[in-house]
Amino acid sequence: MYFGRVVGRVWATVKSPHLEGQRLLVVQPLSPELENRGKPIICTDCVGAGSGELIYWVRGKEASFPFLPQEPPVDTTVVGIVDSVHLQGAPEPVPALAADAKRPKAHKPSRKS
507 MYFGRVVGRV WATVKSPHLE GQRLLVVQPL SPELENRGKP IICTDCVGAG SGELIYWVRG
567 KEASFPFLPQ EPPVDTTVVG IVDSVHLQGA PEPVPALAAD AKRPKAHKPS RKS
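Letter 5 of the sequence shown, counting from 1, is numbered 511 in the numbering used here, and no numbers are missing.
Written as structure tokens, this is what we have:
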């Protein structure tokens, strides 16, 4: 798994039928210290990540696993959203979100037995 930050979104009107309904995000790969590494990449999204969020992504065959039983032709997928990063020797956690972006808490419906 790799760190990245969502920097944009892709809209495609013509694409493989296997990608219908899949969100495509532009992700800037990051080092563990959250510094840019390399060029931005395009990832499918299985977690609902938003612009500016710190995420982790996978590459290779594993990128299609979140969409099973379908196996879309993808080689990179966002599989998680990072809340904070704790580095050895750092005085305090590195915030995952940009200072001006805030992620609302997810609503969890109650279950009645």
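Note that beta-carbon positions come from the ideal geometry of N, C-alpha and C, so glycine has one too.
Residue 586 bridges to which residues according to DSSP?
562
Reducing DSSP to helix, strand and coil, say where residue 546 ends up.
coil
Quick one: Cα of residue 593 to Cα of residue 539, how far?
8 Å
Am I right that residue 534 and residue 513 are in contact with their C-beta atoms under 8 Å? What's the rounded C-beta distance?
5 Å
Please report the distance separating the alpha-carbon of residue 569 from that of residue 551.
10 Å
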